[in-house]
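Numbering-wise (this note's numbering), the sequence shown opens with residue 17 and increments by one.
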Amino acid sequence: MERFKGKNLLKTAGILAGATLVGTGFRELLFPETNNVVIYIFAVLLTARFTSGYLWGLISSIAAVLCYNYFFTAPYHTLAVNDPSYFVTFVIMVITAVMTSALTTKGKLLKEKAEENASVSRILYDLSSRLSDAADMENIMILASESVGALFQTEAGCICFTGEAEPFSIWKCGDGIKKRKEENWEKIREGFRNPEEECWKDKNAWYYAVRGHGRLLAVMELPADTEWHQIHKKEKLLFSVIENIALAMERIQIITERMRDREKMEQERYRANLLRSISHDIRTPLSGIMGTSEMLLSMTEETDRRYDMIQGIYHDADWLKELVENILSLTRLQDGKIHVNKEMEALEEVAACAVERIEKASPDREIQITLPEEFYLVPMDGKLIQQVITNLLTNAVKHTKKEEKIELIIGYENDRATVTVRDEGEGLADTDVPNVFQMFYTSKERAADVKRGIGLGLTICKTIVEAHGGGIAGRNRTDRRGAEFTFWLPAGEERL
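Right, dumping it as structure tokens:
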């Protein structure tokens, strides 16, 4: 700031000194004194043109009148005035000089403003065009660093917080681009925890937030030695640049998410088609294996050692058939090919059928049933809900020992029917709880009877229950060891 003052002072003094020398020459040539008045007004105009702000034009106007009085009015080289008519000349001269200075300065400022606006528009247009062609987040970071660096004629960096990996920064340094590992990225992000925070500084750099819909997308960095008045002068343009960067980053995020969702849908579709095809091909020979093994069982004595082998074949084939039916049911549900035929049915009767099926398959297991005092008719597809209860009970049998208890609890509350299956097994691992209903998810924490499950039973349960307008949840028991799964359906008002 002191340097700018010194330059303006030297310009003002030099222009007035030049006007005085020219006026002295005119006097030696015996030109009229009115020419000197014009010379000094012209000097004021030049001062206003080549200095910054209105102040130096005003100072030049007053100084020009004093110089004219000192050098060109009798008595010379003194500020005394012999002829009172000169006071009128001085007043008119001051007014003319001030008005000339003000008009010149205003014109210059308007020109600078217009050039600045044109420059801003050009920079933003160029940035927008380049950002619209950016194909990934790293390309946007490079463009952001280059744009901000060019704006302040210095180095500039960008840290992106939208990726899954550890954030890194890209810096525009001279003619090159450098990719750096950002050691203190957590501290930088913490500095913008307040959504209203736009900028802060530490010993390393200035930091400016790039936000989109309330989320921190990235942070722009400027060297810590960048002067505040330089930043403040172009801060409005900086925020416009940041806004363009935020829009481009959000665009890339949306495109990436859509591509990820599209790929996921394609994978699910191919997987479902493959499963459906395989299941159809397996179901026919399985029926033959089960029929043959059942016939052999009837023809073999229980004391024969081959009886246990044939029974094992029958049970494994029965399990495979149930698995195939589950796969086909799931694929048909996901494709919308199974229509939920809702009828008013008693949930207790549907549950009894499921329990009977489990006890037939596992006669050594006992299931404790708790029923409500009043029975309601619930709108549901009895066959599908029976499959849900069967799958939950099968899961409980699979993950418990013979002596561990399994409970089936039916209740009605808040206009909905609830069914809970709980056991006394090992329970769910903490990492399994949020994922148990995902297709093909199997626990990585426990390897209990791996061949007896491929992660479809609970997915089928969730799909069927949600098709009925209900919900399902799984968690560990709070009263003792074990897991419990609860699903609920909208209950009807009819009682039995």
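In this text, a Cβ means the ideal position worked out from N, Cα and C, and glycines have one as well.
Annotation: T475 to I383 spans about 23 Å, alpha carbon to alpha carbon. DSSP lists C174, Y224 as the beta-bridge partner residues of M236.
Note on geometry: alpha-carbon atoms of L472 and R209 lie some 41 Å from one another.
Under the DSSP assignment, Y56 falls in the alpha helix (DSSP H) whose first and last residues are 50-66. Following the DSSP letters along the chain, one finds T406 inside the alpha helix (DSSP H) bounded by residues 398-414. DSSP places N260 within a helical segment (H, G or I) once states are collapsed to three. The beta carbon of V114 sits closer than 6 Å to the beta carbons of S77 from its chain, once the five residues preceding and following it are set aside; these are given in chain order. About 6 Å separates the CB atoms of E49 and F88; that is less than 8 Å, so the two are in contact.
Counting only residues of its own chain and dropping the five nearest sequence neighbours on each side, K358 has a CB closer than 7 Å to the CB of P395, M396, D397. The C-alpha of K188 is placed about 40 Å away from the C-alpha of T120. Non-local C-beta neighbours of V38 in its own chain, meaning closer than 6 Å and more than five positions away in sequence, comprise I55, ordered along the chain. The beta-carbon separation of G228 and E266, rounded to 5 Å, stays under the 8 Å limit for a contact. In terms of Cβ geometry, S185 and A172 do not form a close pair [threshold 8 Å]. Per DSSP, the continuous alpha helix (DSSP H) segment holding S163 begins and ends at 153-168.
Y330 places its beta carbon 8 Å or farther from that of P388. A direct Cα-Cα distance of roughly 10 Å separates D334 from V340. Taken through DSSP and simplified to helix, strand or coil, K195 comes out as strand. Membership of F87 in the alpha helix (DSSP H) is indicated by the continuous run 71-88. Residue environment: D439 is assigned as buried (16 or more neighbouring CB atoms within 10 Å of its CB, all protein chains considered).
If you draw a straight line from the Cα of N342 to the Cα of G328, it comes to about 21 Å. In this structure, the alpha-carbon of F255 lies about 24 Å from that of R196. Per the coordinates, the alpha-carbon of K376 lies some 14 Å from the alpha-carbon of A367. In this chain, T458 is not harboured by any beta strand (DSSP E), its DSSP state being neither H nor E.
Y92 and L140 have their alpha carbons spaced roughly 59 Å apart. Residues I425 of the same chain have their beta carbon placed closer than 6 Å to that of T386, with the five preceding and five following residues left out of the count.
In the structure shown, G486 adopts coil according to DSSP, grouped into three states. Remark: C-beta atoms of A240 and A221 approach each other more closely than 8 Å.
Judged by DSSP secondary structure, R438 falls outside any alpha helix (DSSP H) and instead within the beta strand (DSSP E) spanning 432-439. Non-local beta-carbon contacts of R138 in its own chain, meaning distances under 7 Å to residues more than five positions away in sequence, are absent.
Judged by DSSP secondary structure, A499 falls within the beta strand (DSSP E) whose first and last residues are 499-506.
A Cβ-Cβ contact shorter than 8 Å links I326 with L312. Runs of the beta strand (DSSP E) lying entirely within the segment 331-403, each at least 3 residues long, are 359-362, 383-386, 393-396 in chain order. Around the CB of Y84, 16 or more other CB atoms lie within 10 Å, so the residue is classed as buried. A362 and R432 have their alpha carbons spaced roughly 13 Å apart. For C174, the closest of T479, L505, E237 by C-alpha to C-alpha distance is E237. Annotation for M157: C174, C176, I186 place their beta carbon closer than 6 Å to its own, counting only its chain and skipping 5 residues before and after.
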